[in-house]
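Residue numbers (the working numbering), protein chains in the order written: chain G, 1 to 213; chain X, 1001 to 1220. Backbone N, C-alpha and C define an ideal beta-carbon position, used for all residues, glycine too. These notes concern the structure reproduced below.
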């Protein structure tokens, strides 16, 4: 199944997504297609230049069973170290916060504390435990996140959440860096005779040779 | 860096979900390459709300698990391919399919070796149907196979069979690469290395002058 390039919300087009053949149908939406999920994407002033959205949030109305795979690069970014640690002891999560602009990798203890401050703030706003919040970052390696700008944007981000296709698209745009297109897709199928949905968003264009575990 | 967030409303137990996600990632994101650089930040988070009302999946060896795994594989492969398609400076997606190994992991390893080869990627950008580079990248993948079983096709063009190069329409094969690049389409490379039943796929992109330009000037 191949779709044509379509305009996504934000200022880059959506990627053509080519799915293998199977007993599913492609549907509109991405991370918000499945029941219980909301998303938001906004410009928070994190990028070095331009006004493309750069902060995204995905939340679940209930405790979602959580899995994570992470880079096996020994020099892992602060969010990778944090998420691995959290998922060693926690089986569920309620939110994923993602920033673009700075990778918060090779930023030492200060970078890790920046990330913890963001986790604490979003957890308070969402009224969930900090360990129910997971984090992803992308951007320039060696640069700490613009914490003040990020913290300032969080209330707006939380209030912008919805289960609409538009907000799923906004979130998909907000996680991009050098990407020329945003990547988002959802499918509907059946499990045990009951309709289920699987959706997702991704980003990536360069520094791409994943070896995740 | 590649990042991903996957969501589902299927109901699945934690340890089963983690195994399913690992399998899907190995069939998708771990099988793409753009430039051979592994990021410090690569992450995929997958969340299952369980709100669909579907039966709980508590074993990998059931029909329901297979159904969910297939959907998960499809979504992750769709997203993974779009990352390779959008590779910095790329004019086309390269899909490498390897058959004939004993295990899926062996086939996947050969496929990724070919998709990762800078020489193969540069040849595709140069519209050069260079079967020798494809054969070489398959050969150094770290998977043993008999050279006289090697078979290579580029799109509809058979370039090698039983380890022997075939006469082929070089201009036609070059034109296939050119036309595919003009529409940012998909170049397919099919390889067979033996009589095994396993199949593996990998996805990459061609390597252009623009890749260097983008990364020489990158700030954010």
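Original post:
Can you give, in chain order, each stretch of the beta strand (DSSP E) that sits fully within the region 1084-1139 of chain X and has at least 3 residues?
Top reply: 1093-1101
Original post:
With burial defined as no fewer than 16 other Cβ atoms inside 10 Å of the residue's Cβ, what is the status of residue 1125 of chain X: buried or exposed?
Top reply: Answer is buried; the Cβ neighbour count reaches 16.
**OP:** Tell me, please, whether the CB atom of residue 1001 of chain X is closer than 8 Å to any CB atom in chain G?
**Re:** yes
Subject >> Where the region 14-48 of chain G meets chain X: residues whose CB sits under 8 Å from a CB there >> reply: Listed in sequence order: 15, 16, 17, 18, 19, 20, 22, 23, 24, 31, 32, 33, 34, 35, 36, 37, 47 and 48.
Subject >> Residue(s) in a DSSP beta bridge with residue 1046 of chain X >> reply: G:67 and X:1006
**OP:** Taking only beta-carbon positions, decide if residue 1121 of chain X is within less than 8 Å of chain G.
**Re:** Proximity of residue 1121 of chain X to chain G, defined by a Cβ-Cβ separation below 8 Å, is not satisfied.
**OP:** For residue 1199 of chain X, collect the residues of the same chain with a Cβ closer than 6 Å to its Cβ; drop the 5 residues on either side in sequence, then sort them by chain order.
**Re:** Within the same chain, residue 1199 of chain X has close Cβ partners 1099 and 1107.
Original post:
What's the C-alpha gap between residue 91 of chain G and residue 199 of chain G?
Top reply: 20 Å
**OP:** Let me know if residue 82 of chain G comes out buried or exposed under the rule of 16 or more other beta-carbons within 10 Å of its beta-carbon.
**Re:** Answer is buried; the Cβ neighbour count reaches 16.
**OP:** Following the continuous beta strand (DSSP E) through residue 1153 of chain X, name the residue where it begins and the one where it ends.
**Re:** 1151-1154
**OP:** Using a cut-off of 9 Å between C-beta atoms, extract the partners of residue 1092 of chain X located in chain G.
**Re:** By Cβ distance, chain G contributes nothing, its closest Cβ being about 13 Å from residue 1092 of chain X, past 9 Å.
Original post:
Three-state secondary structure (DSSP) at residue 76 of chain G?
Top reply: coil
**OP:** Enumerate in chain order the residues of its own chain whose CB-to-CB distance from residue 7 of chain G is below 8 Å, with the five nearest sequence positions on each side excluded.
**Re:** Here the model assigns residue 7 of chain G a pLDDT of 41, short of 50, so the residue's position is not dependable, and the following value carries that caveat. The answer, listed in chain order, is 13 and 14.
Original post:
What's the gap between the Cα of residue 3 of chain G and the Cα of residue 1073 of chain X?
Top reply: At residue 3 of chain G the pLDDT is 38, less than 50, meaning the model places this residue with poor confidence; the figure from the coordinates comes in the next sentence. Cα to Cα, residue 3 of chain G sits roughly 18 Å from residue 1073 of chain X.
Subject >> Proximal residues, the region 1056-1077 of chain X versus chain G, C-beta separation under 8 Å >> reply: Cβ contacts with chain G come from 1057, 1063, 1064, 1067, 1068, 1070, 1071, 1072, 1073, 1074, 1075, 1076 and 1077.
**OP:** Taking residue 128 of chain G and residue 95 of chain G to be in contact with their CB atoms under 8 Å, please state how far apart those CB atoms are, rounded to whole angstroms.
**Re:** Right, their Cβ atoms sit about 7 Å apart.
Subject >> Within-8 Å CB hit, residue 1041 of chain X to chain G >> reply: Contact with chain G is found for residue 1041 of chain X, since one of that chain's Cβ atoms lies less than 8 Å from the residue's Cβ.
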